[in-house]
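79 is the number that my numbering gives to position 78 of the sequence shown; each next residue is one higher, with no gaps. Built from N, CA and C at the ideal position, the CB exists for glycine as well. Note sheet for the following structure.
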Amino acid sequence: NLGIFLSMFARTEFQAVQFIPLVIVPQVLLAGIIFPISTEPGPLQALSRVLPLTYAVEGLRNIMIKGADLTWSSLQLDLGVVLGFCVLVILAGATTLRRRIA
Numbered sequence: 002n003l004g005i006f007l008s009m010f011a012r013t014e015f016q017a018v019q020f021i022p023l024v025i026v027p028q029v030l031l032a033g034i035i036f037p038i039s040t041e042p043g044p045l046q047a048l049s050r051v052l053p054l055t056y057a058v059e060g061l062r063n064i065m066i067k068g069a070d071l072t073w074s075s076l077q078l079d080l081g082v083v084l085g086f087c088v089l090v091i092l093a094g095a096t097t098l099r100r101r102i103a
């Protein structure tokens with residue numbers, strides 16, 4: 002989904018591939034995969050809460066470590082944010098594609 006959206010801003014396949022690290026690397030560094038979000042400075046913690054990967058990581062961590070199921074409100078929030086982001090990116094990609102084709 003994100004790849005399709007980013008590819009709409011590229012003129013070539015090579016440019017599209019170059020965009021991916023610009024989006025993925027900051028998310029990996031800030032989403033709590035490598036080190037806990039609580040160890041980040043305040044502004045970076047706030048930025049982490051905007052990134053969808055943060056919610057995916059928290060959801061997986063709740064399932065794998067804490068044994069969460071779909072009745073957990075925190076897991077429902079995580080799923081909602083990730084699904085909402087997916088829908089948003091699909092709609093943005095479709096809109097961008099329509100403009101580019103027209």
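For the 8 Å CB-CB criterion, residue 82 and residue 37 do not form a contact. The continuous alpha helix (DSSP H) containing residue 57 extends over residues 53 to 65.
For residue 7 against residue 20, the beta-carbon gap comes to about 4 Å, under 8 Å, which counts as contact. By the C-beta density criterion, residue 14 is exposed, having fewer than 16 other C-beta atoms within 10 angstroms. Residue state for residue 14 is assigned as helix, using DSSP reduced to three classes. The straight-line gap separating the alpha-carbon atoms of residue 67 and residue 39 is approximately 18 Å. Where residue 5 is concerned, the enclosing alpha helix (DSSP H) starts and stops at 3 to 8. In this structure, residue 9 sits away from residue 85, with a CB-CB distance that is not shorter than 8 Å. Selection 12, 35, 33, 4 evaluated against residue 24 yields 4 as nearest (Cα-Cα). Of 16, 59, 28, the smallest CA-CA separation from residue 45 is found for 28.
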